[in-house]
Amino acid sequence: MSGEPSSDAPELLAVRDLKVYFRTADPLQPVKAVDGVTFSIREGETVAVVGESGSGKSMTALALARLLPGAGYVAGGSVTFEGEEVLTMDARRLRELRGGRIAYIFQEPATSLNPVFTVGWQIAEAVRVHRTAPDPEREAVRLMQLVGLPDPERRRKSYPHEMSGGMQQRVMIAMALACKPRLLVADEPTTALDVTIQAQILELLADLQRRFSMGILLITHNFGLVARMAKFIHVMNAGHVVESGPAREVLTNPRHAYTKALLRAVPRLRPPAGGAGGTPAIGAWTETAGSERTP
Amino acid sequence: MALLEVDQLSVQFIARHGRSRRILRAVEQVSLAVEAGESLGVVGESGSGKTTLGRAILGLWKPAAGSIRFRGQEVSGLRGSALADFRRHVQMVFQDPFDSLNPRMSIGTAIGEVLAIHGMKSRAARLARTAELLELVGLQAGYADRYPHEFSGGQRQRIGIARALATGPSLIVADEPVSALDVSVQVQIINLMRRLQAEMGLAYLFIAHDLAVVRTMCRRVAVMYLGRVVETGLSAELFDKPAHPYTEALLSAVPDVDADLDPTLAQKRRIVLKGDVPSATDVPPGCPFHPRCHRAQPVCAVQLPVLREVLPGRCSACHFAEELLK
């Protein structure tokens, strides 16, 4: 997947030394969720940010369009999108950027959709707000067709709860595509879905990327997904990028101890040299190593 | 005699839509066996009936048909002390350890309660046993006074396991025990469960949607689709060469570091199933998988394939299993 975009494709997004902190009771001791992250994405390219819970991967994604929750703030660095600095953008430009040039899809489609409006209305809303087509309702039907929702004329009148998880995620993708975004930020887009449905959504994303040469920023904890989707990968741990590189290289020949340990911890379908009884041994972590953060 | 024998088990629910009532066939004619000290994986997607199967084995759902025998005894016929004995021997571990722990009970109390219910009268003995159990799962004995919110997800799952071990079970039904955990924590829990199995001769019925986890954890595996077991076999063999198109499609769908980076494997592996899993109130005629199957033939729409042995130790419910194995 992710085609093989030539490395001279124009740069869409450049993140330099981004710092996202969270205010705490002690103003001198903010929580450093993202602490100096640098990466870039070119047109038509898929870049993955991989990490475990609390690594800062989702906060990095939200900071790109200044969507950080309450206590979070950008403490330093820069985010340029198509050459324009996002962090100092005025409110009007920011509105155009959000949903217009950068679109997001999240893990749980059911919680991102409004339960009291039909899906057709919700898709059309994005078209109305950004005035991208003369007839929003018709455009919604076209978008539903584009993302492979069967029978869109009838389906546009459905409410989110009448659809399966896979169809809801297609609706989210249709909404995201309403303004022909240059960059799609997909934060765990398939984690809530069954594997056969996940495979369908991944195919869809790959196809849309080829057609519109969108950049995709994939946020995930799943190395398998990275192997299937991404060209470049950045591995995050505790707010830092610990390792970056072409996905194939990082996955097959990790250099950093954290990446190595994480990759060894991933259960494999085709494990190297089976252990006793055909169940392979895994893990660099001993079973009692307390590597987790206790709340 | 196997530790657990499930024979032609069916579990049904009544689904009400307004005034209409339909039968939801959650589990249909499932047969499987778990030997002492063995781990059997049950894999399938949402709605495959794997959780219902686990709960029926624990006696939490009443079967519509079929039998469940534990050590040769029919479970539905158990009463009184025989039933209490069954419950001591068969315990469960759930997906979300936070949901399954009472937030107002210290974990020592939560584990002690299990011991008390199962007849440990002396408080001192309960405290000693609780401390022993916590250490067994890699926690400090001193944690007994703490409350669930003070623990991370992985620690909570250890507590869930300690509580399941309290009665000295011989079979643990574990329903998605690691799917809510980060990879690095997941591997710790898998290794813990494997160590406990080796030390105590535990048998697991390990229910999961993650094929790679099941491959790592279980010697044998049963694949479920729409309430039925469609394939069983040794996990090493079954994942290497599936004998049912659904297993084949599942394996192809899972993004996997090794396979997705290997161009020859990636080419071979692209089977993308169409549509969603049909509703269990409206199971397609013939083979339940045929509307989504990439190998379907006319016969599949009319004739239900039975689960049959296609290789020694391997069963498949596909008319064309032999062709898949070629």
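Read top to bottom, the protein sequences are chains A and B. Residue numbers for the first sequence follow the numbering used here, beginning at 1490 and rising by one. Residue numbers for the second sequence follow the numbering used here, beginning at 1176 and rising by one. Using N, Cα and C, we set each Cβ at its ideal position, and we do this for glycine too.
#### Entry: Residues near R1263/B in its chain [Cβ-Cβ closer than 6 Å; skip 5 each side]
H1293, T1342
### Message
9 Å is my cut-off, CB to CB: does P1756/A come that close to chain B?
### Response
yes
### Contact under 9 Å by Cβ, K1508/A with G1559/A
no
### Task
Apply the 10 Å Cβ neighbour rule to E1573/A and answer buried if 16 or more other Cβ atoms are within range, or exposed otherwise.
exposed
### Message
Going by DSSP, what residue range makes up the alpha helix (DSSP H) through A1629/A?
### Response
1625–1635
### Message
Assuming I1292/B is part of the beta strand (DSSP E), what are its boundary residues?
### Response
Where I1292/B is concerned, there is no enclosing beta strand (DSSP E), although the alpha helix (DSSP H) it sits in stretches over 1282–1292.
### Message
Going by DSSP, what residue range makes up the alpha helix (DSSP H) through A1665/A?
### Response
1654–1666
### Task
Look up K1416/B in the DSSP assignment and say whether it is helix, strand or coil.
coil
### Message
Can you pull the chain B neighbours of V1786/A, defined as C-beta to C-beta under 7 Å?
### Response
Nothing about residue 1786/A can be reported from this structure: the residues present for chain A run from 1490 to 1784 only.
### Query
Of all Cβ atoms in chain A, is any one closer than 9 Å to the Cβ of E1220/B?
yes
### Task
Would you mind stating whether L1311/B and I1347/B have Cβ atoms separated by less than 9 Å?
no
### Query
CA-CA distance, A1554/A and L1752/A?
31 Å
### Query
Run through DSSP, which three-state label would G1252/B get?
helix
#### Entry: Neighbour list for L1751/A in chain B, Cβ cutoff strictly below 7 Å
V1358, S1359
### Message
On the DSSP letters alone, give me the boundaries of the beta strand (DSSP E) that Q1183/B sits inside.
### Response
1179–1192
### Of the residues R1757/A, T1621/A, K1720/A, the one placed nearest D1415/B, counting alpha carbons only
R1757/A
### Message
Please classify A1522/A as buried or exposed, where buried requires at least 16 other C-beta atoms within 10 Å of its C-beta.
### Response
buried
### Query
How would you write the range of the beta strand (DSSP E) that L1308/B sits in, first residue to last?
Taken as a continuous stretch (DSSP letters only), L1308/B belongs to no beta strand (DSSP E), being part of the alpha helix (DSSP H) at 1298–1311.
### Query
In or out: G1335/B buried (at least 16 other Cβ within 10 Å) or exposed?
buried
### Query
Got a sec: which bits of the stretch 1382–1411 of chain B sit with their beta carbon under 8 Å from any beta carbon on chain A, in order along the chain?
H1384, D1385, L1386, A1387, V1388, R1390, T1391, M1392, C1393, R1394, L1409, S1410, A1411
### Query
Can you tell me the Cα-Cα spacing of M1267/B and D1350/B, whole angstroms?
8 Å
### Query
Measuring CA to CA, which of G1450/B, S1256/B, V1404/B, H1419/B is closest to A1688/A?
G1450/B
### Query
What in chain B is Cβ-close to G1713/A, meaning under 7 Å?
V1429, P1430, D1431, V1432, D1435
### Task
Please compile the residues from chain B whose C-beta is within a distance smaller than 7 Å of the C-beta of R1590/A.
Correct list: empty, because the minimum Cβ distance to chain B is about 28 Å.
### Query
Where does R1671/A sit, in a helix, a strand or coil, going by DSSP?
coil
#### Entry: Contiguous beta strand (DSSP E) assignments of at least 3 residues, all confined to the stretch 1326–1376 of chain B
1346–1350
### Query
If we cut at 9 Å on Cβ distances, does I1232/B have a partner in chain A?
no
### Query
Just reading off the beta strand (DSSP E) that H1723/A is part of, what are its end residues?
1721–1726
### Query
Would the beta-carbon of P1352/B fall within 9 Å of that of A1397/B?
no
### Endpoints, alpha helix (DSSP H) assigned at K1225/B
1225–1232
### Query
In chain order, what residues of the stretch 1639–1663 of chain A put their CB closer than 9 Å to some CB of chain B?
P1639, S1653, G1654, G1655, M1656
### Query
A1177/B and V1202/B look like a contact to me (Cβ under 8 Å); what is the Cβ gap, rounded to whole Å?
Contact flag wrong, Cβ pair sits at about 19 Å.
### Message
Using only the alpha-carbon positions, how far apart do L1251/B and F1245/B sit?
### Response
In the sequence on display, residue 1251/B carries Ser and not Leu. Distance between the alpha carbons of S1251/B and F1245/B: 10 Å.
### Query
Do Q1361/B and A1754/A come within 9 Å of each other at the CB atom, strictly closer than that value?
yes
### Message
Ignoring anything shorter than 3 residues, give me the beta strand (DSSP E) runs that lie fully in the stretch 1551–1624 of chain A, in order along the chain.
### Response
1561–1570, 1591–1594
### Message
Threshold first: 4 residues or longer. Then list the alpha helix (DSSP H) segments lying entirely within the stretch 1398–1480 of chain B, N to C.
### Response
1410–1415, 1420–1428, 1432–1436, 1438–1443
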